[in-house]
Amino acid sequence: MRADLQSYMAAQTSYRADSGSYASSGTRLGQRFYPTREVAVLVVVGNRTGHSAQATHVQHPGHSCTLAVGDGALSIATLKQRRTGAAGEVVCDDE
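Going by my numbering, the first residue of the sequence shown is number 5, and it counts up by one from there.
Below is the structure:
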């Protein structure tokens, strides 16, 4: 999940360079980003000034990793341990 969110962050950076805004959904990222098998990445916020997302894995129910970047991002907590991180930091449950 951590690697997926790091790839997601790179895809958002590329998307913003092309469009001037971060993508508001994974679908908008198009071919820039595909999560690995059994991982779901939910874009919570994507706007002109930031983005945030949460990753989950079907084999680890109730656990997640989260990421928030920029002023417009909503800081979200992981599902199990309610952890949050600094801007641009991927945080995960059970670390």
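The C-beta atom is built at its ideal place from N, Cα and C for all residues, glycine as well. Since we're looking at a predicted model, the values are computed, not measured.
Report yes if the C-beta distance between residue i and residue j is below 8 Å; otherwise report no.
i	j	result
glutamate 42	histidine 67	no
glycine 76	glycine 92	no
leucine 59	alanine 44	The amino acid at residue 59 is misidentified as leucine; the sequence shows alanine. Yes, they are a contact pair.
Taking just the CA atoms, how far does residue j sit from residue i?
i	j	result
arginine 52	glycine 74	9 Å
alanine 27	lysine 84	27 Å
arginine 20	alanine 14	10 Å
valine 94	alanine 7	9 Å
glycine 34	aspartate 98	31 Å
tyrosine 12	valine 47	9 Å
alanine 81	leucine 9	14 Å
aspartate 96	serine 25	In the sequence under discussion, the amino acid at residue 96 is cysteine, which differs from the aspartate named in the question. Cα to Cα, the separation comes out at about 26 Å.
Can you name the start and end residues of the alpha helix (DSSP H) that residue i belongs to?
i	result
alanine 27	Alanine 27 -> no alpha helix (DSSP H), and no H or E assigned at all.
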